[in-house]
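Peer 1: Heads up: the sequence shown begins at 12 in our numbering, then just goes up one per residue. Glycine is no exception: its CB is placed at the ideal position from the N, C-alpha and C atoms. This is the structure I want to talk about, given as structure tokens.
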Amino acid sequence: MTPLEIQKNREIFLDYCRKYIQRDGLEKLLTYIESTDFFTAPSSTKFHLNTPGGLCKHCINVFETAMQINEHILLPRQQREESIFPQPLSTESIAIVALFHDVCKCNIYKEVDRWRKNDAGKWETYKGYEVNDEFPFGHGEKSCHMVNYYLRLKRDELLAIRWHMGMFDVGESGSANRFSFYSAMEITPLVVLMQMADMASSHWFEQTFSPGGDI
Ligand SMILES: [Fe+2]
Ligand SMILES: [Fe+2]
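Here is the structure:
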């Protein structure tokens, strides 16, 4: 991603936050975010948007996708009284969970030199990332903790951020984790909305860059 694209995404992200979130503590949370590498970090080491600026772009994608799924799939069904969950979701809650679900990834990706053989069979270095997490508290759990330090999260928002990884984060069958995961999905449609938006964004819209290609 170019510096200009990174700058543009930063503005889009901040605009979405200030337009859709009115809760006390937002500005403090944004000040914290600005003090991290959130706007320049990749979204992953090897997979979706593993390029500078990928993390912010991913959060924008998840928010826009969640809003579209809500507007075009969930809300119309709720209005026709065809949903198990009659109460429409608040846009503020969708914005909070989508825009901040991955803040746990701030300051954990370190740029490293890696080695590979080029087409001529010669060894060469390329820039890659590795994870160095100084607070390995769990993925969704860590984001909940970080966001809740600044913004007072509601129960449904905590559940949606905690379980946004869906089945990738539930442990073996019969585990207490799995029971909590299924229970959370029965409490609020926000949990499944976040899982869908995160998965759709990562796999439908977000490119994986070849090693060294764009980093
Ligand atoms: Fe995540
Ligand atoms: Fe994500």
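Can you list, in chain order, the stretches of the alpha helix (DSSP H) that have 4 or more residues and sit fully within the segment 163-223?
Peer 2: Listed in chain order, they are 166-173, 187-198, 200-211.
Peer 1: Check for me: the beta strand (DSSP E) holding valine 142 runs from which residue to which?
Peer 2: 134-142 is the span of the beta strand (DSSP E), which, as asked, contains valine 142.
Peer 1: Determine the contact status of serine 54 and lysine 68, defining contact as a CB-CB distance below 9 Å.
Peer 2: Contact flag set, yes.
Peer 1: On a CA-only basis, which of Leu40, Glu38, Leu66, Thr56 is nearest glutamate 16? Give me that one, please.
Peer 2: Considering only alpha carbons, the answer is Leu66.
Peer 1: State the start and end residues of the unbroken beta strand (DSSP E) segment that holds lysine 153.
Peer 2: That residue, lysine 153, is in no beta strand (DSSP E); its alpha helix (DSSP H) goes 150-161.
Peer 1: How would you write the range of the alpha helix (DSSP H) that valine 238 sits in, first residue to last?
Peer 2: It is not possible to answer for residue 238, since the shown part of the chain is limited to 12 through 226.
Peer 1: Could you tell me whether the segment 112-129 touches the segment 141-157, using the rule of 3 or more Cβ pairs below 8 Å?
Peer 2: Yes, the segment 112-129 is in contact with the segment 141-157.
Peer 1: Excluding the five sequence neighbours on either side, which residues of its own chain have a C-beta within less than 7 Å of the C-beta of serine 104, listed in chain order?
Peer 2: Within the same chain, serine 104 has close Cβ partners Lys165, Asp167, Glu168, Leu201.
Peer 1: Buried or exposed: where does proline 14 fall if 16 or more other Cβ atoms within 10 Å of its Cβ makes it buried?
Peer 2: Exposed is the call here.
Peer 1: Could you tell me which of Thr199, Phe179, Ser191, Ser186 sits nearest to aspartate 209, measuring between CA atoms?
Peer 2: Checked all of Thr199, Phe179, Ser191, Ser186; the closest Cα to aspartate 209 is Phe179.
Peer 1: Kindly give me the distance between the Cβ atoms of isoleucine 107 and isoleucine 32, rounded to whole angstroms, as I take these residues to be in contact under 8 Å.
Peer 2: Yes, isoleucine 107 and isoleucine 32 are in contact; Cβ-Cβ is about 6 Å, under 8 Å.
Peer 1: Three-state secondary structure (DSSP) at aspartate 225?
Peer 2: Residue confidence for aspartate 225 is low, a pLDDT of 39 falling below 50, so the modelled location carries little weight; the figure read from the coordinates is stated next. Reduced to three states, the DSSP call for aspartate 225 is coil.
Peer 1: Please state the DSSP three-state secondary structure of arginine 91.
Peer 2: Of the three classes helix, strand and coil, the one that applies to arginine 91 here is coil, per DSSP.
Peer 1: Taking the straight line between their C-alpha atoms, what separation do you get for phenylalanine 160 and isoleucine 71?
Peer 2: The sequence given here places tyrosine at residue 160; phenylalanine does not occur at that position. Distance between the alpha carbons of tyrosine 160 and isoleucine 71: 22 Å.
Peer 1: Alpha carbon to alpha carbon, what distance is there between threonine 56 and tryptophan 126?
Peer 2: If I take the Cα positions, the gap works out to 15 Å.
Peer 1: List the endpoints of the continuous beta strand (DSSP E) containing aspartate 124.
Peer 2: Counting along the chain, the beta strand (DSSP E) containing aspartate 124 begins and ends at 120-128.
Peer 1: For glycine 224, count neighbouring C-beta atoms within 10 Å of its own C-beta (all shown protein chains included) and say buried if the count is 16 or more, exposed if not.
Peer 2: Confidence at glycine 224 is low in this model, with a pLDDT of 45, below 50, so the placement of that residue should be treated as unreliable; the coordinate-derived value is given next. By the 10 Å Cβ count, glycine 224 comes out exposed.
Peer 1: Roughly how many angstroms lie between the CA atoms of valine 181 and glutamate 197, to the nearest whole one?
Peer 2: Rounded to whole angstroms, valine 181 to glutamate 197 spans 15 Å at the Cα level.
Peer 1: So valine 73 is in the alpha helix (DSSP H); what residue range does that whole segment cover?
Peer 2: It spans 65-80 - the alpha helix (DSSP H) in which valine 73 sits, taken as one unbroken run.
Peer 1: Compute every distance between the C-beta of lysine 128 and the non-hydrogen atoms of ligand 1, then say whether any falls below 8 Å.
Peer 2: No, the beta carbon of lysine 128 sits no closer than 8 Å to any heavy atom of ligand 1.
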